[in-house]
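Residue 394 in full-length UniProt numbering sits at position 394 of the sequence shown; the count goes up by one each step and never skips.
Accompanying notes for the structure given below.
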Amino acid sequence: MEQEITTLEPQLTCELRNHRDHDKNTIYITTDSTYNQLSLRITTNVEATFKPASHHVPPDQGGSADGSMLYLDLSSLNLSTSEFQKLEASAAEWSFQAYPDQRTIGMTPTVLQTLKPGPGNQIDITLASLTLSSPPQGSVVYPVVTYFHVPSITDDEIGQFDTLSATLQVPPDTHKRELQRDIQLSTDTNAIITSDEEHTVANFFTLAFGPGPEGKEVKAGPATAFVLTFVYGTGYGYGALTDIQHARDIKVTRGLNADEWHIESDTTLQNPSWKLTPPVGKPIIGTGPQSNVAFDVTNIVTLFRAGPTSLLLTYQGIPGYQDGSFILPLYKIPHVQISSLQVEPNPTYLTEQKAEVTVRWQTKNATSLLLAPLCQDVTNLTSVPAEIFTTTPFTLTAKGPYADRNNVAYRTVEAVVLPRINSFTASPRSIYYKDFPCDVTFSWAVDSNERIRLVSSREGTSGDTYEPLGSVTKSIQQPQMMTLIPISQYQENVQNRKLVLSAFKTQHQRYPLAQKARLVAASPTAPLTALAHEHQISFIDNALYQPIGEPLATGDTPYLAFAPDGSFVFVASGDGQLTLIHIQETQTRPYYTFQSAALPDVSDKPTAVAISRDAKTLFVTTQDAHRAGKLVILMQEGNTYHKQGEVAVGKEPTDIALDPSGARVYVSNAGENTISIIGVDAKRNYALISTIGNIGQQPRGLGITRDGQILLVASANGVFALSTSYPDGSPRQHLPVETPVSFAMMAGGRYAFVSLEKKNALALIACGTLPKDCKVLEENIQVGEKPTGVTVTLDDGLVLVTNTGDASISVLTLATYEAETTSIPSVEKPTGVVVTPDAKQIYSWHNALIRDILHPKDIPGLSVYDRISGISTTHLETTDLITCAVHPDKNRQFAFALEKASTDLLLIDTGTFETQRVPLEGGHQPLLLDVSANGERLFLLCDDKQRYYMQVFDITGQTPKKLAEKELYEHPSTKGFKSLCVLADGSQAFVTESSVPLLHQIYHEEGSYQVKSHELEGRPEALTALPDGARLYVFSVKDTDPGADANMNMISVINPRTMHIRTVHLGIEQKVASIQYVVPSPDGTALFATDASGVRIVDPVSLRLSRTYLWPGATVISYGIATQPDGAEIFVTDRGGSTVFVLRQVQPE
């Protein structure tokens, strides 16, 4: 695409010409009409069409004409009525109409005429019989031509005008000589660069007298004078150089050989002029080096449109010469403009320590373009790609015609390059409350060219900095939040990643099963659990632990393992039958279907199963009638698996453990007290590497840490820990626990639960980097009778244990929060709560728009609890609040609030609680507001009683600045509860209403805000987004059984970039779990939702309800919810009382 270069706007150019004075713009002061042989010449710079008007209209009605109308205004000539009436205008195929009162001649063509640009193309209007007996003051007059309806020039009802100039002179004395034969006038440039809103150009040129073609010496007399002037205008037209105000600032000073000349400026008149007087009796110009006399004309500023204009120099009183004038053309050149310069995307993120961006621009009137720091000539281009490595300013230099006369424009845009934090992990992230202090290994991968810091919410920063790819181990004394911050962003704290390190306790609850279950496996991706019975596989939900569908029949003593993506369960039965149970989510109860698919049988009795991390390989251990063991390997082929090979192992194989890297497989052999280690080659062929012993008697269960460094073996005489790096010779760490059976490794990497069958308990083992660092933390966590199978959900939220002695399943919640025994005083029946960014104050209020049996009246005021003093006070005592949000920047100490029956946005000083009202345009009732986490945007949902609107504000300044207002949707037939959520970067906002299954999206694209609506499966009840804006969550309900109280809970997960929506049915009825509000944890690893009398913790990956917290001994109607910035506490309003309840992180013992 070629760069647009525009020299002049489409325009007509008009000039007066006197044929008696060599076609110069001279009007003679005389009553003899033969002296003024005038014509009006019209030219154009684009092809113009003149259309006949059906009739003439007065000048002030030219816009209403039905054809082209031109008006020549001669009022500046001071013509008498009789002089004007004698004036005759004529031209072939043109019609004229005089308007004496305005001293104006109107004209229109009688036929359609086309005027093309270029030499020889013009329209000449003859103006005959002009006399001028009483001229106006001054030597220059400015007639004006106004024109309407000239297609391609001006097609609307607004006319354009061109200011002309004419010099007034007495008729020449034919006996005297013409000065221009002996002296000529010139300038070193005729270009005048226009100024605009961004550029002010003070133009300059040199005006010089030089020898004429005949070059006779001319001496000045006592009355000799030259007067310099220009064409002046008063409006946005053509022809004039500048306006009177700017003309008065023009400076004329002596130049070459002009030392003896006198300069007198007269800028008090309407026609500013400069009188140049040469020394009396001396040659006006000399000879040789003295043959040029020059004057510097400076500080010429014009805001007028580009086009031709004139310089006028009149002269008089030169002995032996006629009075006359010089006329030199000047051309107003449009200033080069850079309309826009932008970088896309901006900000951008590093990938492999570089970022690729596109720099785009739009310019006008440019003849050359240079882009720095690329030092690249980008003339005739509108964009270029660029590869950058850090935040980079780009400067576009645009040069127009006469760039050496300051026709240059610059614009700079900063391409913000942010480090891409690809990962930030902690192992462990959740620490047993009796295991403090604990060494935690932080690992990160940051695509950056700079170093990073780790900042603790408890201890701040140590001052240490680290490479962008690395790890470090720190001793953690207590729960806290650790923040990774690239140094380049440290001050602004913009680009970071957070991790909440929490302590956990176990809370046990037991649920009955229809039949005994031997083994258990939790789905890694869905809120369900698989159980292995004697001859069946069944599934239960993870909320009430009720069956999902009917059990599936298998052979005897089945073993099971979940695929890493949760799509199937691999089952091996004692009769050699191998089966895949495919799991499919559905839209109706029971929301999951289970379909069995047979695999090739094995000849011997299976004793354990495992699945590789990529799900391409299945492993089965078997034993024959003589107890000889084998490891059977099945490889994926298409949609099924086929036997790839087998490896002989020891007698009575009991369990399989897979190295996390996939390099080794471990098999415990109870019949010979050994571990078989199997390796794999590049062709995926498996073979026995070694067999090791010294692992106790009759080994059963195996466990391996997340980093693959420690292997745990459950033997009859305890647990043994050994190093996988030196499995043969490394010392064994004996952990004396009673009758261990099987392990469940926490995803965090440090902890393992092991079932103790005869003790009716679990043991908790802490694993170190070496076997000697492993220890037993608890050895008597009570569960049901004869526990065997044990599993931990992938989010480390629940431990599930099958109890074979009493047909039950034990559920251990790994609780990271505890209910505080004391609460925070609040206004009556609070519905909302927020925490200030510095965590020093907690605000709560009652939403005045809520009207029900619990809230029969308005409850005004904002309750403010000071956490340092422990005192709660009420402010805004007479204000019926709707909602409140605190500015996320702790240095900007104010909050935003809405008031019932008010059309104002309230700004609250959080130090004094003085309130400033910002009236909202349109008079709409505001309902909801939310602020972006970066502190740049505020979104406001408003209601005009027929439809809802979204208003967007820039809040980076002292007062919110409205950016946009967009209509969202009309009122539904039944109003519902509305939710608003803004992404952290302020780029998008989302609205739901519980009566309508729609998600309304407002987003910024191509310079403006747009609105889209997306269908949801259920009625939305609550809405939130992760802190990084990567995912949006809508909690909904769906009536699956009309006429019955069977509304089922669902969660929709939305990618805000693609708007792909995935909905998961939780399989929990609304009467069991009724979600009110939901907020994310500060690190985005959990969703906290209020539900009737407690708080639910939802894993944002598996969407499992992992934990539930209640307030023992208290009747609480949980409603509003907020988290402390570091995740240390959760605050929940009691809608039925006058308090805010607190969940506090579990603390070390």
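All residues carry an ideal CB built from backbone N, CA and C; glycine is no exception.
Bridge partner(s) assigned by DSSP for residue i
i	result
Met-481	Val-500
Pro-825	Thr-1139
Met-69	Phe-148
Asp-541	Leu-528
Val-792	Val-799
Tyr-512	In the sequence as presented, Tyr is not what sits at residue 512; that position holds Pro. Pro-512 is bridged to Ser-808.
Ile-710	Ser-723
Pro-740	Leu-756
residue 1156	This structure cannot speak to residue 1156, because the chain is shown only from 1 to 1149.
Gly-286	Its beta-bridge partners do not exist; DSSP assigns none.
His-22	According to DSSP, which records beta bridges pairwise, His-22 is partnered with nothing at all.
Residue i versus residue j: straight-line alpha-carbon distance, rounded
i	j	result
Lys-643	Thr-358	52 Å
Arg-1062	Leu-1023	15 Å
Tyr-843	Gln-951	25 Å
Gly-67	Ile-123	17 Å
His-199	Ile-452	43 Å
Asp-624	Tyr-545	37 Å
Phe-753	Met-745	6 Å
Glu-779	Val-799	15 Å
Ala-761	Thr-705	22 Å
Glu-4	Arg-458	Residue placement at Glu-4 cannot be trusted, given a pLDDT of 37 that sits under 50; what the coordinates show is reported in the next sentence. Taking the straight line joining both Cα atoms gives about 58 Å.
Ala-901	Ala-1122	26 Å
Pro-558	Gln-1145	40 Å
Lys-24	Ser-33	17 Å
Pro-960	Gln-1147	41 Å
residue 1151	Val-776	A question about residue 1151 goes unanswered here, because the residues of the chain that appear run from 1 up to 1149.
Tyr-592	Ile-581	12 Å
Phe-570	Val-1142	43 Å
Asn-496	Asn-380	40 Å
Val-145	Pro-10	16 Å
Tyr-331	Tyr-402	11 Å
Cys-767	Phe-436	14 Å
Pro-319	Gln-245	36 Å
Glu-1006	Arg-1057	15 Å
Asp-1028	Leu-983	8 Å
Val-991	Lys-962	19 Å
Integer-rounded CB distance, given that residue j should sit under 8 Å from residue i
i	j	result
Pro-564	Leu-1103	With a Cβ gap of about 17 Å, Pro-564 and Leu-1103 do not count as contacting.
Ala-426	Leu-501	6 Å
Ile-675	Ile-692	5 Å
Pro-547	Ser-538	6 Å
Thr-309	Gly-400	With a Cβ gap of about 18 Å, Thr-309 and Gly-400 do not count as contacting.
Ser-1106	Gly-671	Going by Cβ atoms, the distance from Ser-1106 to Gly-671 rounds to 39 Å, so no, they are not a contact pair.
Ile-421	Leu-484	6 Å
Gly-976	Asn-934	Gly-976 to Asn-934, Cβ: 30 Å. No contact.
Residue i: CB within 8 Å of a non-hydrogen atom of the ligand MG
i	result
Leu-1026	Looking at this structure, you won't find the ligand MG or any other ligand, since it has none at all.
Could you say if the stretch 196 to 214 and the stretch 285 to 300 meet the contact criterion of at least three C-beta pairs nearer than 8 Å? A contact exists between the stretch 196 to 214 and the stretch 285 to 300.
Which complete beta strand (DSSP E) runs does the stretch 357 to 436 hold, if anything under 3 residues is left out? Fully enclosed beta strand (DSSP E) runs of 3 or longer: 368 to 372, 383 to 388, 392 to 399, 408 to 415, 420 to 427, 430 to 432.
What beta strand (DSSP E) runs, 3 residues minimum, are completely inside the stretch 1073 to 1114? Counting only runs of 3 or more, we get 1075 to 1080, 1087 to 1091, 1094 to 1098, 1105 to 1110.
Which complete beta strand (DSSP E) runs does the stretch 554 to 599 hold, if anything under 3 residues is left out? Taking only runs of at least 3 residues, the beta strand (DSSP E) segments lying wholly in the stretch 554 to 599 are 559 to 562, 568 to 572, 578 to 585, 592 to 599.
Segments of 3+ residues assigned as beta strand (DSSP E) that fall wholly inside the stretch 1016 to 1055: If we require 3 residues or more, the beta strand (DSSP E) runs fully inside the stretch 1016 to 1055 come out as 1019 to 1025, 1032 to 1039, 1047 to 1055.
Three or more C-beta pairs below 8 Å linking the stretch 268 to 286 and the stretch 338 to 345: Contact between the stretch 268 to 286 and the stretch 338 to 345 is absent, because fewer than three Cβ pairs lie under 8 Å.
Stretch-stretch touch, CB-based, cutoff 8 Å, three pairs: the stretch 182 to 195 with the stretch 88 to 103: Segment contact: the stretch 182 to 195 against the stretch 88 to 103, fewer than three CB-CB distances shorter than 8 Å; contact not assigned.
Which runs of the beta strand (DSSP E), 3 residues or longer, sit entirely within the stretch 57 to 107? Correct list: 69 to 73, 88 to 90, 94 to 99.
Report yes or no: do the stretch 1119 to 1139 and the stretch 821 to 833 share at least 3 C-beta pairs separated by less than 8 Å? Result yes; three or more Cβ-Cβ pairs closer than 8 Å.
Does the pairing of the stretch 1078 to 1089 with the stretch 834 to 842 give three or more beta-carbon distances under 8 Å? The stretch 1078 to 1089 is not in contact with the stretch 834 to 842.
Which runs of the beta strand (DSSP E), 3 residues or longer, sit entirely within the stretch 638 to 708? With a minimum length of 3 residues, the continuous beta strand (DSSP E) runs that stay inside the stretch 638 to 708 are 640 to 651, 653 to 658, 664 to 669, 674 to 680, 686 to 692, 702 to 704.
What are the start and end residues of each continuous alpha helix (DSSP H) run of 4 or more residues lying completely inside the stretch 175 to 258, in chain order? Within the stretch 175 to 258, the complete alpha helix (DSSP H) runs of at least 4 residues are 244 to 247.
Every unbroken beta strand (DSSP E) within the stretch 900 to 940, with a cutoff of 3 residues, ordered by chain: Given a length threshold of 3 residues, each whole run of the beta strand (DSSP E) inside the stretch 900 to 940 is given here in chain order: 904 to 909, 915 to 919, 925 to 931.
Do the stretch 463 to 472 and the stretch 403 to 416 make contact, defined as three or more Cβ pairs closer than 8 Å? No, they do not touch.
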